[in-house]
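Chemist:
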Amino acid sequence: MSASFFDFHTHDLSAPPGRAIVSLPLETLLCAADFSPRPGVLYSAGIHPWWTCDDAEPLFQGLECLVERGAVVAVGECGLDRLRGAALGVQQEIFGRQIALAERYALPVTVHCVRAFDVLLGMHKRLRPSTRWTVHGFRGRPALARQLLAAGLDLSFGSRYHPDSFALTPPSRRHLETDGADAGGPIPSDL
Numbered sequence: 064m065s066a067s068f069f070d071f072h073t074h075d076l077s078a079p080p081g082r083a084i085v086s087l088p089l090e091t092l093l094c095a096a097d098f099s100p101r102p103g104v105l106y107s108a109g110i111h112p113w114w115t116c117d118d119a120e121p122l123f124q125g126l127e128c129l130v131e132r133g134a135v136v137a138v139g140e141c142g143l144d145r146l147r148g149a150a151l152g153v154q155q156e157i158f159g160r161q162i163a164l165a166e167r168y169a170l171p172v173t174v175h176c177v178r179a180f181d182v183l184l185g186m187h188k189r190l191r192p193s194t195r196w197t198v199h200g201f202r203g204r205p206a207l208a209r210q211l212l213a214a215g216l217d218l219s220f221g222s223r224y225h226p227d228s229f230a231l232t233p234p235s236r237r238h239l240e241t242d243g244a245d246a247g248g249p250i251p252s253d254l
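Numbering (my numbering), first residue to last: 64 to 254.
1. Would you kindly check if the distance between the Cβ of HIS111 and the Cβ of HIS199 is under 8 Å?
2. Whole angstroms are fine: how far does the CA of GLU90 sit from the CA of HIS187?
3. One question on the structure: do ASP70 and ARG82 come within less than 8 Å of each other, judged by their Cβ atoms?
4. May I ask you to list the residues that DSSP assigns as paired with CYS141?
5. Helix, strand or coil for ARG237? Go by DSSP, reduced to three states.
6. Classify ASP227 as helix, strand or coil using the three-state DSSP reduction.
7. Can you give the Cα-Cα distance for ASP75 and PRO88, rounded to whole angstroms?
8. Helix, strand or coil: which one does DSSP assign to VAL182?
9. Please list the segments of the alpha helix (DSSP H) lying wholly inside the segment 72–121, counting only runs of 4 or more residues, in order along the chain.
10. By the DSSP assignment, the alpha helix (DSSP H) with VAL153 in it spans what residues?
11. Please classify GLY215 as buried or exposed, where buried requires at least 16 other C-beta atoms within 10 Å of its C-beta.
12. Please look up how many angstroms separate the CB atoms of VAL104 and ALA78, rounded, as I've assumed it's under 8 Å.
13. Only counting the same chain, and skipping five residues up and downstream in sequence, which positions put a Cβ closer than 8 Å to that of SER107?
14. Buried or exposed: which applies to ARG237, given that a residue is buried once 16 or more other Cβ atoms fall within 10 Å of its Cβ?
15. Under the three-state reduction of DSSP, which class applies to PHE220: helix, strand or coil?
16. To the nearest angstrom, report how far apart ASP242 and THR115 are at their CA atoms.
17. Rounded to the nearest angstrom, what separates PHE158 and LEU143 at their Cα positions?
18. Just to confirm my understanding: we take TRP196, look at its own chain, exclude 5 residues before and 5 after, and list those with CB closer than 6 Å. What are they?
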């Protein structure tokens with residue numbers, strides 16, 4: 064891994080300052096007022112689709128607290144997942160509220176999307192965000208990569224990715240990430 068590698072998305076809370084964007088865990092949203100950021104560390108926070116439920120208000124309160132305090136540089140990981148979490152309609156409502164928050168504070172969004180790219184693209188078209196959305200951990204085929212890029216979304220690649228999708232993504236819209244130990248480890252050193 065090169066010394067200049069910037070980890071766009073990780074769950075490693077011990078990531079070195081200025082070298083990564085650390086996605087904060089659920090516990091931090093629930094105790095946001097007590098959160099003390101490490102100096103120089105960049106954080107993101109969001110309501111992950113796996114955490115969605117009919118009463119997500121305590122999570123929203125925590126997220127808003129972190130955003131208002133300036134503790135995060137991005138909203139996310141948030142998004143849509145047809146395999147886990149609440150019903151897709153509930154996930155869409157929660158995701159939409161997070162997008163509104165990101166827009167209000169001019170923060171980029173880190174998107175988790177599993178088998179719901181049609182819905183994601185529809186929401187992006189309907190909401191017409193002014194902030195940047197990046198699909199993290201992108202593993203899709205080139206046709207989907209082209210569709211997302213044409214819609215204005217960026218792509219982030221981890222240890223598992225489609226090489227043709229990676230190659231066709233412009234460097235200015237391509238990010239690299241480790242995600243976490245459970246995601247298959249660090250990205251290959253040749254990227």
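For glycine and all other residues, C-beta sits at the position ideal for the given N, C-alpha and C.
Modeler: Judging by the given coordinates:
1. Taking the sequence shown and counting its residues from 1, one reaches residue 199 at position 136. Taking the sequence shown and counting its residues from 1, one reaches residue 111 at position 48. Contact flag unset, no.
2. Counted from its first residue, the sequence shown places residue 187 at position 124. Counted from its first residue, the sequence shown places residue 90 at position 27. Distance between the alpha carbons of HIS187 and GLU90 is about 29 Å.
3. Residue mapping note: residue 70 aligns to position 7 of the sequence shown, counting from 1. Residue mapping note: residue 82 aligns to position 19 of the sequence shown, counting from 1. Contact flag set, yes.
4. What you label residue 141 is simply residue 78 of the sequence shown in a count that begins at 1. DSSP, once it has assigned bridges, lists VAL174 as partnering CYS141.
5. Numbered from 1 along the sequence shown, position 174 holds the residue referred to as residue 237. Here ARG237 sits in strand by DSSP.
6. Taking the sequence shown and counting its residues from 1, the one referred to as residue 227 is at position 164. For ASP227, the three-state secondary structure derived from DSSP is helix.
7. What you label residue 75 is simply residue 12 of the sequence shown in a count that begins at 1. What you label residue 88 is simply residue 25 of the sequence shown in a count that begins at 1. Taking the straight line joining both Cα atoms gives about 10 Å.
8. Within the sequence shown, residue 182 is the residue found at index 119, counting from 1. Of the three classes helix, strand and coil, the one that applies to VAL182 here is helix, per DSSP.
9. 89–93
10. Sequence index remark: in the sequence shown, residue 153 carries index 90 (1-based). Looking at the DSSP string, the run of the alpha helix (DSSP H) that includes VAL153 is 151–167.
11. One-based indexing of the sequence shown puts residue 215 at position 152. GLY215 comes out exposed.
12. The sequence position of residue 104 within the sequence shown is 41, counting from 1. The sequence position of residue 78 within the sequence shown is 15, counting from 1. With 8 Å as the limit, VAL104 and ALA78 qualify as a contact, their Cβ atoms being about 7 Å apart.
13. Stepping through the sequence shown from its first residue, residue 107 is reached at position 44. HIS72, ILE84, VAL85, SER86, LEU87, VAL135, VAL136, ALA137, VAL138, GLY139, GLU140 and THR173.
14. To locate residue 237, count along the sequence shown from 1; it is residue 174. The residue is buried, with at least 16 neighbouring Cβ atoms inside 10 Å.
15. Position 157 of the sequence shown, counting from 1, holds the residue named residue 220. Strand.
16. Along the sequence shown, read from residue 1 onward, the residue named residue 242 stands at position 179. Along the sequence shown, read from residue 1 onward, the residue named residue 115 stands at position 52. Whole-angstrom Cα-Cα distance: 20 Å.
17. By 1-based counting over the sequence shown, the position of residue 158 is 95. By 1-based counting over the sequence shown, the position of residue 143 is 80. The straight-line gap from Cα to Cα measures roughly 7 Å.
18. Here residue 196 refers to the residue found at position 133 of the sequence shown. Only VAL172, VAL174 and LEU216 meet the Cβ criterion.
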